[in-house]
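Below is one structure, written out as structure tokens; comments come after it.
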Amino acid sequence: MVYDPFFFSGDDHGVLLIHGFTGGPFEMRDLGVGLARSGRTVLGVRLPGHGDPPEALAVVRWADWLAVVVQAHADLATRCRRVSVVGFSLGGALALLLAAQYPVHQLALLATPLRLAGDWRVNVLAVARYVVPWFYPMERADFSDPDIRAQILARRPELDLDDLQVQAEVRRAVKISVGALDELRQVVAQARITLPQVTTPALIMHGRNDLVAPLDSADLIQTHIGSPERELIWWDNTGHQLLTEGPHLQAVHQRVTNFLKP
Numbered sequence: 000m001v002y003d004p005f006f007f008s009g010d011d012h013g014v015l016l017i018h019g020f021t022g023g024p025f026e027m028r029d030l031g032v033g034l035a036r037s038g039r040t041v042l043g044v045r046l047p048g049h050g051d052p053p054e055a056l057a058v059v060r061w062a063d064w065l066a067v068v069v070q071a072h073a074d075l076a077t078r079c080r081r082v083s084v085v086g087f088s089l090g091g092a093l094a095l096l097l098a099a100q101y102p103v104h105q106l107a108l109l110a111t112p113l114r115l116a117g118d119w120r121v122n123v124l125a126v127a128r129y130v131v132p133w134f135y136p137m138e139r140a141d142f143s144d145p146d147i148r149a150q151i152l153a154r155r156p157e158l159d160l161d162d163l164q165v166q167a168e169v170r171r172a173v174k175i176s177v178g179a180l181d182e183l184r185q186v187v188a189q190a191r192i193t194l195p196q197v198t199t200p201a202l203i204m205h206g207r208n209d210l211v212a213p214l215d216s217a218d219l220i221q222t223h224i225g226s227p228e229r230e231l232i233w234w235d236n237t238g239h240q241l242l243t244e245g246p247h248l249q250a251v252h253q254r255v256t257n258f259l260k261p
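So that you can map any letter, position 217 of the sequence shown is 216 in numbering that gives the first Met the number 0, and since no number is skipped, the others follow by simple counting.
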């Protein structure tokens, strides 16, 4: 299943892959396969509440996500002499928090937000979570948009998105807990505070067309991370899902693989 964690046994360089908010291990799997082919030992985790009904994510706290990441790092460290981490989106924020507390050999931060994009409603999530329980992201979706189609089909490949009834069902069924969005807000804010404490060599990558993770987040990471060795790479004509979509998909994978060589 697309939400199942995965593990590939390899050499003594372990790589922990952490997916994004409302995503799953499927976002990281192709990269994981490539890393395994290059010899690395790879573990792709599933964060609590992801891949479950929306109600499950509603009761998860960001500390629960971090706890799973810390345990996965510990599990890899028992097998491998070195452990590196690749975090996508929310996974990047969790990777920063991990690297500030535990030994991480190398750190790849992909499309990592340090604040949430959006209007004034982002600033009232701490209160709104107790008033408005659900956000419906597909309510006004354009199902002819290839990015939207790709995001849905990655999770539900059997859906016929040209069927008007299916479109109506997706608009009603896809919902995100406002409480979970507030947990996301909190964890990216904590990652921003933690940046100076992270001294791990870091590769930072961001798509110039990213509408989810604000572009200034990449610059903030590059400027404020405590790592003496850091590199920021921008990808043109690339949106948020830089590991699964876009004209530079293979180049993105290869760049991460080259960075994580022994």
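Glycine included, C-beta positions come from ideal geometry on N, C-alpha and C.
Measure the alpha-carbon distance for residue i versus residue j and round it to whole angstroms.
i    : j    : result
L34  : L42  : 10 Å
T243 : L152 : 12 Å
F25  : T256 : 18 Å
R229 : G91  : 15 Å
Q249 : A201 : 20 Å
I220 : T193 : 10 Å
F142 : I175 : 19 Å
V103 : L75  : 11 Å
E168 : D162 : 10 Å
L65  : L160 : 35 Å
A259 : D144 : Inspection of the sequence shows that residue 259 is occupied by Leu rather than by Ala. Whole-angstrom Cα-Cα distance: 34 Å.
R28  : G245 : 16 Å
H223 : P213 : 16 Å
D235 : E54  : 37 Å
Q100 : L106 : 13 Å
I203 : L108 : 5 Å
G117 : V1   : 28 Å
F6   : R36  : 13 Å
P4   : R148 : 24 Å
Q185 : D11  : 34 Å
Just verifying my parser: in three-state terms, what is the DSSP assignment at residue i?
i    : result
H247 : coil
F7   : strand
F134 : strand
L30  : helix
D218 : helix
R114 : coil
D181 : helix
Q240 : coil
V165 : helix
E140 : It should be pointed out that residue 140 corresponds to Ala in this sequence rather than to Glu. If DSSP states are grouped into helix, strand and coil, A140 belongs with coil.
A212 : coil
Can the beta-carbon of residue i be found closer than 8 Å to that of residue j?
i    : j    : result
G50  : G9   : no
L97  : H72  : yes
L183 : L115 : yes
A110 : H239 : yes
V67  : P47  : yes
V177 : V251 : no
R45  : G31  : no
I232 : R207 : no
L124 : L158 : no
P112 : S216 : yes
A140 : R170 : yes
T21  : R78  : no
P136 : V165 : no
List the residues that DSSP assigns as beta-bridge partners of residue i.
i    : result
V14  : V41 and S83
S176 : W133
H252 : In DSSP, H252 forms no bridge with anything.
R229 : A201
L106 : V84 and A201
W234 : G206
Does any residue of chain D have a CB that is nearer than 8 Å to the CB of residue i?
i   : result
L30 : No chain D appears in this structure, which consists of one protein chain only.
Counting pairs of Cβ atoms below 8 Å between the stretch 74-93 and the stretch 5-20, do you hit three or more? yes
Are the stretch 182-201 and the stretch 61-78 in contact at 8 Å, needing three or more beta carbon pairs? yes
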